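Contents: one structure, followed by commentary.
Numbering (my numbering), first residue to last: 613 to 859.
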């Protein structure tokens with residue numbers, strides 16, 4: 613999983629916050645090119661001997677892409693009480709971030725997803741006149757991510773295990789290893805808890821129209837929460853590798 617502009621389903625790259633900008637960083641999310649996947653997100657940190665917060669969140673750029681659109685929307689909505697101004701400005705900010713990646717010939721997958729979500733959220737908010745409707749795409753993304761994670765567990769193919777098996781050849785046989793299956797099942801459950809918590813906190817705020825509180829919750833439960841979960845998953849993965857080395 614990697615940081616992105618929308619909450620993502622765990623993937624080799626990507627947190628962006630939950631609201632349009634992202635996944636679990638985070639969306640759910642299209643895969644970036646291989647080099648970038650190794651540089652940021654869960655896929656990057658799992659292959660390192662030392663945990664790197666910068667790799668997990670994609671560095672300063674990851675923070676900006678994740679936080680700026682939501683922060684901009686909240687500040688402008690609270691100060692102007694204009695859904696139009698706040699929604700258009702937030703969407704324009706994502707568009708600028710996307711153009712910057714295109715100019716620099718970098719992967720645009722996560723920012724493109726954020727732009728689509730921001731544009732959809734802007735349309736919903738402007739049509740209804742309710743600022744909280746801007747966040748519906750992020751809420752739906754969280755729900756879909758949670759469903760995907762739970763489905764992977766139900767089929768005994770935890771999503772984190774599928775991802776790590778593709779990234780790290782040392783555990784490509786994880787399906788046949790009971791210890792590895794337990795590790796990646798618990799790791800997947802961490803993401804289940806993360807997305808369930810996002811929905812439990814943010815959906816009531818959305819339904820009651822608490823725009824400022826919802827924006828704050830999205831930011832707090834975006835990158836910071838993703839980094840914590842990524843670190844715990846990294847510890848689990850390193851522990852598994854250590855046990856394998858001893859054997």
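Glycine included, every Cβ here is placed at the ideal spot set by N, Cα and C. Treat the numbers as computed from the prediction; the structure is a model and nothing was measured.
Comparing alpha carbon positions, the residue from 695, 708, 711 and 655 closest to residue 733 is 695. In the structure shown, residue 696 falls within a helical segment according to DSSP collapsed to helix, strand and coil.
In the DSSP assignment, residue 783 falls outside any alpha helix (DSSP H) and carries neither an H nor an E. Under the 8 angstroms Cβ criterion, the stretch 815-829 does not count as touching the stretch 762-780, having fewer than three qualifying pairs. Here DSSP, grouped into helix, strand and coil, assigns residue 703 to helix.
With distances taken between CA atoms, residue 725 lies nearest to 706 out of 706, 717 and 686.
The C-beta separation of residue 772 from residue 731 comes to about 31 angstroms, leaving the pair out of contact by the 8 angstroms criterion. With respect to the 8 angstroms criterion, residue 821 and residue 742 are classified as neighbours on the basis of their beta carbons. Closest in C-alpha terms to residue 832, from the list 848, 685 and 813, comes 813. Closest in alpha carbon position to residue 830, among 783, 680 and 666, is 680.
When secondary structure is reduced to three states using DSSP, residue 716 falls in the coil class, being assigned neither helix nor strand. For the stretch 718-783, the full-length alpha helix (DSSP H) segments reaching 4 residues or more read 721-740, 748-766 and 771-779 along the chain. The Cβ neighbour count for residue 851, taken over all protein chains shown within 10 Å, is under 16; the residue is labelled exposed.
Taking every protein chain shown into account, the CB of residue 677 has 16 or more other CB atoms within 10 angstroms, so this residue is buried. Taking a C-beta distance under 8 angstroms as the contact criterion, residue 789 and residue 658 do not qualify as a contact pair. Distance from the CA of residue 656 to the CA of residue 691, rounded to the nearest whole angstrom, comes to 39 angstroms. For residue 670, the secondary structure class from DSSP, reduced to helix, strand or coil, is coil. Contact annotation: residue 663 and residue 699 have beta-carbon atoms that are not nearer than 8 angstroms.
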